[in-house]
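The sequence shown begins at 135 in our numbering and counts up by one.
Built from N, CA and C at the ideal position, the CB exists for glycine as well.
Let me begin by presenting the structure, written as structure tokens, before commenting on it.
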Amino acid sequence: MNVFQSKLEKYAETVLKVGVNLQPGQDFLIDAPLETVEFTRVLVKKAYEAGAKYVHVEWQDDKITRSRFEQARDNSFDYYPSWLAGMWERFVENDGAVLSIMAPNPDLTEGISTTLISRATKAMAMKRDSYLQAIRNNKISWCIISAPTKAWSDKVFSDLPENERMVAMWEAILQFNRIEEVSPTIAWADHIHQLKNRIEFLNQKQYRKLYYTAPGTDLTVELPVGHVWLGGNDKNEKGVQFVGNMPTEEVFTMPKRTGVNGTVRSTMPLNISGQLINQFSFTFENGKIVAHEAAEGMEHLSALLNTDEGSRYLGEIALVPHDSPISKLNRVFYNTLIDENASCHLAIGGCYPTNLVNGSKLSDEELISCGGNKSLIHIDFMIGSADLDVDGELHDGTREAILRKGNWVF
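Dropping the structure here:
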């Protein structure tokens, strides 16, 4: 076995132990780009070695995806098969574990109508809402990771010779997932412990409001009573720990749906469904986005905001230090899984009910009345930089520094 193959196996083992924490006898579903077939085969092999009862791979392919937008008739774009949505729902009911490999092609839908993309995305979200709510409530173990593809590597490492780009992407992914450590499992345990210390501090504080200030950003975010900061790992409905995102550098909670006011400006481009949105900003009044601008991708951004009523409200706020390992690479990855762990971020759309005490037990109406947000979408966008300051306001009105120049003060 060569050195690179050994690292792939180490990565797969870490994902299965730390990420989904696959249990003996479980069914295991992998959602993977076809181009990642070699690594996916390693994952399948290791999953069976770990005791998986059955492993199913749901393949995705960029060319097939684009063919639909170029060739399908108009009635295709408001349709998503009930039988396919049902497969995901049945999998949740069977207490399986899900792994998604995120390797976006940032230029996949270049030249495709934003309206078609929006219609197809909404149709899928509506049919898969039950499954997505199960994931947001941590009913089962789930994990999202990355693996290189040529189009993605070419975009991110365009400054390197073509034959070096995939290698560079693999090196980056292995590095920020701690696979180069002697024991990645121990390294992950230490990292999660550090995140939990931050979380414990913030949960004890129970700040009433957060204040964000940076060039182009002057935002006040009210937090609901009973909000819960999370991060690192979590537990599914049966008490099994898992890490939903690998890598992860964030601690996050939910804002009060109607308690966001001011203006915020993005600090990184956002890649959604193969279309880029860049240099954009939002203005909030009583939680709702009442104005937005974008230097690139304005039409696509407007379509996202018009998905449903909840898509104009925030569902998540996340704090990430500017000196995180990913940020230090000083490179945009055009992949939210990675970029959001290099930068403080917010998310428009649905909240995670687990960010509220007993939130998973609430109906949609009860969740909204407690300050949460419901939407078909959940889109993270990056706002962090070396110029960002974040303050917290206690219930007695005292204001304390949380981040200065993008980094923790405690």
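DSSP three-state assignment for residue i, whether helix, strand or coil
| i | result |
| --- | --- |
| PHE173 | helix |
| GLN340 | coil |
| GLU507 | Note that residue 507 corresponds to Asn in the displayed sequence, not to Glu. Reduced to three states, the DSSP call for ASN507 is coil. |
| GLY493 | helix |
| PHE291 | coil |
| GLY484 | coil |
| GLY215 | What sits at residue 215 in the sequence shown is Pro, not Gly. PRO215: coil per DSSP, three-state reduction. |
| PRO318 | helix |
| VAL149 | helix |
| LEU522 | coil |
| SER140 | helix |
| ALA399 | Before going on, a small fix: residue 399 reads as Arg here, not Ala. ARG399 falls in the strand class under three-state DSSP. |
| SER234 | strand |
| GLU383 | coil |
| ILE251 | helix |
| TYR468 | coil |
Selected residue, minimal CA-CA separation from residue i, among the options
| i | options | result |
| --- | --- | --- |
| GLU183 | ARG202, ARG533, LEU168, PHE162 | PHE162 |
| PRO358 | VAL377, ASP457, GLY373, THR387 | THR387 |
| VAL226 | LEU250, GLN160, LYS289 | GLN160 |
| LEU353 | SER519, LYS343, GLY245 | LYS343 |
| VAL137 | GLU305, TRP217, LEU329 | GLU305 |
| ILE271 | ALA321, ILE423, SER497, GLU334 | It should be pointed out that residue 271 corresponds to Asn in this sequence rather than to Ile. When only C-alpha atoms are compared, the closest one is SER497. |
| GLN338 | GLU147, LEU528, ALA206, LEU537 | LEU528 |
| PHE310 | ASP523, GLU534, LEU471, GLY518 | LEU471 |
| VAL178 | THR532, LEU150, VAL424 | LEU150 |
| SER461 | GLU334, ALA321, ILE423, THR382 | THR382 |
| ALA348 | HIS190, SER407, LYS539, ALA146 | LYS539 |
| SER477 | GLY518, SER201, SER503, TYR265 | GLY518 |
| VAL191 | ASP288, TRP322, PHE173 | PHE173 |
| ASN155 | LEU242, MET260, TRP276, MET300 | TRP276 |
Paired residues, beta bridge with residue i - DSSP
| i | result |
| --- | --- |
| LYS284 | DSSP output for LYS284 lists no bridge partner at all. |
| ASN361 | The sequence as given places His at residue 361; Asn does not occur at that position. LEU490. |
| GLY562 | One cannot answer for residue 562 here, as it falls past the ends of the chain, which runs 135 to 544. |
| HIS325 | According to DSSP, which records beta bridges pairwise, HIS325 is partnered with nothing at all. |
| GLU450 | ALA481 |
| TRP542 | LEU537 |
| LYS390 | Paired residue(s): none; LYS390 is not in a bridge. |
| MET516 | HIS479 |
| TYR188 | ASP161 |
| LYS422 | GLU419 |
Own chain partners of residue i with C-beta closer than 8 angstroms, once the 5 adjacent residues on each side are dropped
| i | result |
| --- | --- |
| ALA237 | PRO167, GLU169, THR170, SER280, ALA281, PRO282, THR283, TRP286, ASN469 |
Spatial neighbours of residue i in its chain, beta-carbon cut-off 6 angstroms, leaving aside the 5 residues before and after
| i | result |
| --- | --- |
| ALA113 | The chain is shown from 135 up to 544; residue 113 falls before or after that span and cannot be answered. |
| GLU356 | LYS343, LYS390, GLY393 |
| ILE511 | THR441, SER445, GLY483 |
| ARG399 | GLY350, THR351, SER415 |
| LYS144 | ILE313 |
Chain B within 8 angstroms of residue i, Cβ atoms only
| i | result |
| --- | --- |
| ILE251 | The structure shown contains no chain B; it is built from a single protein chain. |
Residues near residue i in its chain [Cβ-Cβ closer than 7 angstroms; skip 5 each side]
| i | result |
| --- | --- |
| ASP457 | ASN541 |
| GLY431 | GLN409, LEU410, ILE411, ASN412 |
### Validate contact between the region 409-416 and the region 362-372 using beta carbons, cut 8 angstroms, 3 pairs
no
#### Entry: Three CB pairs or more closer than 8 angstroms across the region 159-174 and the region 273-290
yes
### Task
Report yes or no: do the region 477-491 and the region 437-453 share at least 3 C-beta pairs separated by less than 8 angstroms?
yes
### the region 368-379 in contact with the region 418-427 per 3-pair CB rule at 8 angstroms
Taking one beta carbon from each stretch, the region 368-379 and the region 418-427 have fewer than 3 pairs nearer than 8 angstroms; the two do not touch.
### Query
Does the region 246-260 come within contact of the region 297-304, defined as at least 3 CB pairs closer than 8 angstroms?
no
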